[in-house]
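Protein chains: 2
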Amino acid sequence: MQETAVLDAAEDLFYERGIQAVGMDQIRSTSGVSLKRLYQLFPSKEALVVAYLKRRDERWRADLRAYVDGKDDKVGAVFEWLHQWFSEPGFRGCAFINSFGELSATSPKITAVARHHKDEVRAYLRGLLRDDSTADQVLLLVEGAIVVASIQNDPAAAWRAKAAAEVLVSG
Amino acid sequence: MQETAVLDAAEDLFYERGIQAVGMDQIRSTSGVSLKRLYQLFPSKEALVVAYLKRRDERWRADLRAYVDGKDDKVGAVFEWLHQWFSEPGFRGCAFINSFGELSATSPKITAVARHHKDEVRAYLRGLLRDDSTADQVLLLVEGAIVVASIQNDPAAAWRAKAAAEVLVSG
DNA sequence: TAGCGTAGAGAACGCCCGTTCTCTGCGCCA
DNA sequence: TGGCGCAGAGAACGGGCGTTCTCTACGCTA
Chain A
-19 MQETAVLDAA
-9 EDLFYERGIQ
1 AVGMDQIRST
11 SGVSLKRLYQ
21 LFPSKEALVV
31 AYLKRRDERW
41 RADLRAYVDG
51 KDDKVGAVFE
61 WLHQWFSEPG
71 FRGCAFINSF
81 GELSATSPKI
91 TAVARHHKDE
101 VRAYLRGLLR
111 DDSTADQVLL
121 LVEGAIVVAS
131 IQNDPAAAWR
141 AKAAAEVLVS
151 G
Chain B
-19 MQETAVLDAA
-9 EDLFYERGIQ
1 AVGMDQIRST
11 SGVSLKRLYQ
21 LFPSKEALVV
31 AYLKRRDERW
41 RADLRAYVDG
51 KDDKVGAVFE
61 WLHQWFSEPG
71 FRGCAFINSF
81 GELSATSPKI
91 TAVARHHKDE
101 VRAYLRGLLR
111 DDSTADQVLL
121 LVEGAIVVAS
131 IQNDPAAAWR
141 AKAAAEVLVS
151 G
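Residue numbers (this note's numbering), protein chains in the order written: chain A, -19 to 151; chain B, -19 to 151.
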């Protein structure tokens, strides 16, 4: 489907290079969808960015859930999954943190999507832990691990976060 | 001094709106320094961004040190200081995380400055704690608190991080 | 006072952006 | 087969970007 091709191209390019660094022409040539059709599917670049982020949010959380579901140590599994993610070749941090830093001053819609993603992650952790304040602390470790892993290019941040989470959960 | 005026304008505008959203003309009109002189002081926009980030890095860490120095509970004081920062009117997250998300794919120099800032923060925490692996865990809480406070617009993230840090340090 | 060098203001340059429009050509129905 | 409509390719548009250049006017030296 054309919409999927456009979103695939958008995700590859926006995540890899940043949103403002990618023009609509590059989305066109990568997706193979004409500019006219592209604007029929998404009436503006902002709408395309929002669609890209929404799809990524849902897939990201579904992947995390799928990995954690079978495991006994749910919290530990979250950080194992993060470590896997950090180790992927194209890893460049959290798309939502990056978009927020780039565009929160310009676009309330993009700000809202980023906020929603973090809300959902927090809710997921609360469901995993049954103690809200511990879950909120674990969320801080998750976000911190993502930031440190990307900026320092150091996937092992996930293991340090895992060790810290174990202390918080057991304590 | 003109250089200071330019850096002040750059910091205000880049931090508030993002780097790519601010043009050199706006730096000129805000600082009152002519474009020609501006390019004598900083030979390119990238050089100006690097200078802005370097000055901010040093001032940020000096402010943190100044606040923490007198306190008994050094680690607690770090999070108190963060809470103060999060509560400032123009708070929009960490300039280095934001710049990294926006430009790490484009500019190795900016990437290096962001990485250096985080290295220095880590080193500072290690000096405070004398136990490197605990310090690295506290770093995750610091970064996580910054991210959550900015995206959720919730300065209280600092208090949750403080409580978690107390558990990690005492444990 | 005459002449020179410097610095400032802002126009100009080439390029790329997001978005729209035009023009071409192909597929469908009578 | 002839006429119609849709869709694709890409040119066009207005504007903004980073950077450079021109031109003016002022201040110092003799």
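Cβ atoms here follow ideal geometry from the backbone N, Cα and C, with glycine treated the same way.
Kindly say whether residue i, judged by its beta-carbon, lies nearer than 9 angstroms to any beta-carbon of chain A.
| i | result |
| --- | --- |
| Gln12 of chain B | One detail in the question is off: residue 12 of chain B reads as Gly in this sequence, not Gln. False, the Cβ-Cβ gap to chain A never drops below 9 angstroms. |
| Leu113 of chain B | In the sequence on display, residue 113 of chain B carries Ser and not Leu. Yes, its Cβ sits closer than 9 angstroms to a Cβ of chain A. |
| Gln(-18) of chain B | no |
| Gln0 of chain B | yes |
| Ile77 of chain B | yes |
| Ser67 of chain B | no |
| Val147 of chain B | yes |
| Leu83 of chain B | yes |
| Gly151 of chain B | yes |
| Val30 of chain B | no |
| Ala103 of chain B | no |
| Ala137 of chain B | yes |
| Leu121 of chain B | yes |
| Ala46 of chain B | no |
Quick test of your reading: residue i and residue j, contact by CB under 8 angstroms. State the CB separation rounded to the nearest angstrom.
| i | j | result |
| --- | --- | --- |
| Leu(-7) of chain A | Ala31 of chain A | Contact doesn't hold; Cβ gap of about 14 angstroms is too wide. |
| Val55 of chain B | Leu108 of chain B | 6 angstroms |
Hey, residue i and residue j: beta-carbon distance below 9 angstroms or not?
| i | j | result |
| --- | --- | --- |
| Ala75 of chain A | Arg36 of chain A | yes |
| Ser79 of chain A | Glu26 of chain A | no |
| Ala129 of chain A | Gly70 of chain A | no |
| Asn97 of chain A | Trp40 of chain A | The amino acid occupying residue 97 of chain A in the given sequence is His; Asn does not appear at that position. Closer than 9 angstroms, so yes. |
| Leu18 of chain A | Leu33 of chain A | no |
| Ala(-15) of chain B | Ser11 of chain B | yes |
| Ala144 of chain A | Gln117 of chain B | yes |
| Gly151 of chain A | Gly151 of chain B | yes |
For chain B, check one thing: does any of its Cβ atoms lie closer than 9 angstroms to the Cβ of residue i?
| i | result |
| --- | --- |
| Glu56 of chain A | The sequence given here has Gly at residue 56 of chain A, not Glu. Not one chain B Cβ lies under 9 angstroms of Gly56 of chain A. |
| Ser130 of chain A | yes |
| Ala42 of chain A | no |
| Gln20 of chain A | no |
| Gln117 of chain A | yes |
| Ile126 of chain A | yes |
| Ala141 of chain A | yes |
| Asp99 of chain A | yes |
| Ala94 of chain A | yes |
| Phe80 of chain A | yes |
| Arg106 of chain A | no |
| Leu62 of chain A | no |
| Arg110 of chain A | no |
| Ala(-15) of chain A | no |
| Arg36 of chain A | no |
| Gly73 of chain A | yes |
| Arg8 of chain A | no |
Cutting at 8 angstroms between CB atoms, please list the residues of its own chain near residue i, excluding the five before and the five after it.
| i | result |
| --- | --- |
| Thr114 of chain A | Leu148, Val149 |
| Ala94 of chain A | Leu33, Phe76, Ile77, Ser79, Phe80, Ser84 |
| Val48 of chain A | Lys54, Ala57, Val58, Trp61, Leu108 |
| Thr91 of chain A | Phe80, Leu83, Ser84 |
| Leu15 of chain B | Met4, Asp5, Arg8 |
| Glu146 of chain B | Val55, Gly56 |
Leaving out five residues on either side along the sequence, give the residues of the same chain with a beta carbon under 6 angstroms from the beta carbon of residue i.
| i | result |
| --- | --- |
| Phe59 of chain B | Ala138, Ala141, Lys142 |
| Gln132 of chain A | none |
Quick one: residues in its chain with C-beta nearer than 7 angstroms to the C-beta of residue i, no 5 flanking neighbours on either side, listed in chain order?
| i | result |
| --- | --- |
| Gln(-18) of chain A | Val13, Arg17, Leu21 |
| Gln6 of chain B | Leu(-7) |
| Arg106 of chain A | Asp112, Ala115 |
| Ala(-11) of chain B | Ile7, Thr10, Ser11 |
| Glu(-9) of chain B | Tyr32, Arg36 |
| Glu(-4) of chain A | Gly70, Arg72 |
Open item on the list: For the structure I just gave you, are there three or more beta carbon pairs, one from the stretch 118 to 126 of chain A and one from the stretch 122 to 136 of chain B, closer than 8 angstroms?
Closed with: yes
Open item on the list: Check whether the stretch 62 to 70 of chain B and the stretch 131 to 142 of chain B touch, using three or more Cβ-Cβ pairs below 8 angstroms as the test.
Closed with: yes
Open item on the list: I'd like to know if the stretch 82 to 95 of chain B and the stretch -5 to 4 of chain A are in contact, where contact means that at least 3 CB-CB pairs between them fall below 8 angstroms.
Closed with: yes
Task: At least 3 beta-carbon pairs within less than 8 angstroms: the stretch 35 to 49 of chain A vs the stretch 91 to 107 of chain A - done: yes
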